[in-house]
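Residue numbers (our numbering): 289 to 473.
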């Protein structure tokens, strides 16, 4: 099975969003399922004139996806992410987007080859890397049970299997691109 890093891709005239809710920080820290009683809010950044939507919105460290992406995950039974409903403020308030929250993590990051720094002891994660490299030996001995996941010690990029990549590409999902996972020697 091949694996790919899911990366944001800006579409023409697409807006850039910002997290306007402190609860969003929780989503970056934990891999436990979350429940909010009030939908978090993303807002388009007014300093830019671009306002178009894509299926995958760009908002700081979070990935927010449209109903279309959520349906693909549900229809195919893909595992590894929880969808937390959001409100999006862009010339009015829009429903139908959800934050894609990690619930599957694996200790696969090679911190040396990835040039990781900014280790946060409290959260047991690196805050910055140059390029994501997975440890090949750990990868080969890890039983990956999920279709999409993040590295447990670096939680900024989703990794998906080829089934997820194919389903999203076949559905012409906008705002995302895929790069093959790189492994350290």
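Don't be surprised by glycine CBs; every beta carbon is placed ideally from N, CA and C. Predicted model only: the values in this text are computed from it and were never measured.
Relative to the C-alpha of residue 426, which candidate in 405, 416, 439, 434 has its C-alpha closest? Of 405, 416, 439, 434, the residue nearest in Cα terms is 439.
Output the distance between the C-alpha atoms of residue 357 and residue 389, rounded to the nearest integer angstrom. Between residue 357 and residue 389, the alpha-carbon positions lie close to 13 Å from each other.
Which term fits residue 352, buried or exposed, when burial requires 16 or more other beta carbons within 10 angstroms of its beta carbon? That one is buried.
_Quick check on residue 362: buried or exposed, where buried means 16 or more other Cβ atoms within 10 Å of its Cβ?_
Result: exposed.
Beta-carbon contacts of residue 402 that lie in its chain and below 7 Å, excluding the five residues immediately before and after
The residues are 417, 418, 419, 420, 421.
Using DSSP with H/G/I as helix, E/B as strand and the rest coil, what is residue 428? Looking at residue 428 - three-state DSSP - the assignment turns out to be helix.
>> Quick check: the Cα distance between residue 450 and residue 434, rounded to an integer number of angstroms?
In response: Straight through space, the alpha carbons of residue 434 and residue 450 are spaced by roughly 12 Å.
| query | What are the start and end residues of the alpha helix (DSSP H) that includes residue 364? | reply | Taken as a continuous stretch (DSSP letters only), the alpha helix (DSSP H) holding residue 364 covers 355-364.
> If you check the beta carbons only, do residue 459 and residue 360 fall under 8 Å apart?
Replying inline: One thing to note: residue 459 has its Cβ within 8 Å of the Cβ of residue 360.
Review point. In chain order, what residues of the same chain lie with their CB nearer than 8 Å to the CB of residue 467, ignoring the 5 residues before and after it?
Key: Excluding sequence neighbours, residue 467 sits near 292, 293, 295.
Quick check on residue 342: buried or exposed, where buried means 16 or more other Cβ atoms within 10 Å of its Cβ? With 16 or more other Cβ atoms within 10 Å, it is buried.
Original post:
Of the residues 437, 432, 379, which one's Cα is nearest the Cα of residue 447?
Top reply: Taking residue 447 as reference, the option from 437, 432, 379 with the minimal CA-CA separation is 437.
- Coarse secondary structure for residue 297, derived from DSSP in three states: DSSP places residue 297 in coil when its eight states are reduced to three.
**residue 365, buried or exposed, once every other Cβ within 10 Å from all chains shown has been counted against 16** = Residue 365 is exposed by the Cβ-count criterion.
inquiry  = If you measure between the beta carbons of residue 385 and residue 399, is that distance less than 8 Å?
reply    = In terms of Cβ geometry, residue 385 and residue 399 do not form a close pair [threshold 8 Å].
* Asked: What number of angstroms, rounded off, separates the C-alpha of residue 354 from the C-alpha of residue 290?
  -> One C-alpha to the other measures close to 25 Å.
message: Taking DSSP's pairing of strands, which residues face residue 345 in a bridge?
response: Beta-bridge pairing links residue 345 to 352.
Assign residue 422 to one of three DSSP states: helix, strand, or coil.
-> Reduced to three states, the DSSP call for residue 422 is strand.
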